[in-house]
Amino acid sequence: METFPDFDPSKADFLWTYQEEPHRTRRQEIIKAHPQVSKLCGPEPLTKYIVLFVVLLQITTAYLLRHTTVLSVKFLGAAYIIGATANQNLFLAIHELSHNLGFKSPSLNKIYSIFANLPIGVPYSAAFRVN
Numbered sequence: 000m001e002t003f004p005d006f007d008p009s010k011a012d013f014l015w016t017y018q019e020e021p022h023r024t025r026r027q028e029i030i031k032a033h034p035q036v037s038k039l040c041g042p043e044p045l046t047k048y049i050v051l052f053v054v055l056l057q058i059t060t061a062y063l064l065r066h067t068t069v070l071s072v073k074f075l076g077a078a079y080i081i082g083a084t085a086n087q088n089l090f091l092a093i094h095e096l097s098h099n100l101g102f103k104s105p106s107l108n109k110i111y112s113i114f115a116n117l118p119i120g121v122p123y124s125a126a127f128r129v130n
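Structure, rendered in C-alpha cells:
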C-alpha cells in the first residue's frame, strides 16, 4: 500500500471557521438595500412542471432504447446528449427542492425531490438534505 508522508488529513479535510455563514449575511444586506428583491424569493411554480417533464423524458428515452445495444452510437449519443443534460437538470432541481423552492410545504418538496431522483438511480436526494 502506497503512503503519502507529507499528507496530514487534519489539514486537508475542511476549512473550519467560527464566522457567520456568508450567504445569510449577504442575502440580508441585499434585501436591506433593495427590499423589492424579497418579492422574488420563495417557491418557483414552474419547477414542478419542469421536473415532471424531465423525469418523463428520461423514462421515455429509456423505454425507447430498451432494445438498443449499449455501445451503439444511438445509445451513447442519447446518453450523452439527453441523459447527461437531463441528469444535470435534475441535480439542480433536487438542490432547489432541498431549499423548499418547489412548493410551499417542506414535505412536498422532500417527496418531489425523491420523485426527481428516480431516473438518476443513485439515491442522491435523501443524502442531500440533513433533515
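Each residue of the sequence shown is one higher than the one before, counting from 0 in numbering that gives the first Met the number 0. Cβ atoms here follow ideal geometry from the backbone N, Cα and C, with glycine treated the same way.
Taking a contact to require three or more Cβ pairs closer than 8 Å, the stretch 120-127 and the stretch 60-75 do not qualify as touching.
Secondary structure of threonine 59 (DSSP, three-state): helix. Here the stretch 93-102 makes contact with the stretch 34-48; the two share three or more CB pairs at distances below 8 Å. Secondary structure note for threonine 24: its alpha helix (DSSP H) is the uninterrupted segment 21-32. In the three-state reduction of the DSSP assignment, glutamate 95 falls in the helix class, which pools H, G and I.
For the pair of segments examined, the stretch 65-80 was found not to touch the stretch 16-25: the number of CB pairs separated by less than 8 Å stays below three. Sequence-distant partners of serine 112 (beyond 5 residues in either direction) whose C-beta falls short of 6 Å from its own C-beta, in its chain, are Ile93, Leu96, Ser124.
If you look at phenylalanine 74, you'll find it in the alpha helix (DSSP H) that goes 72-77. Between the stretch 99-108 and the stretch 68-77, the count of Cβ pairs shorter than 8 Å is below three; the stretches do not touch. Phenylalanine 90 carries a helical assignment under DSSP once its states are collapsed to helix, strand and coil.
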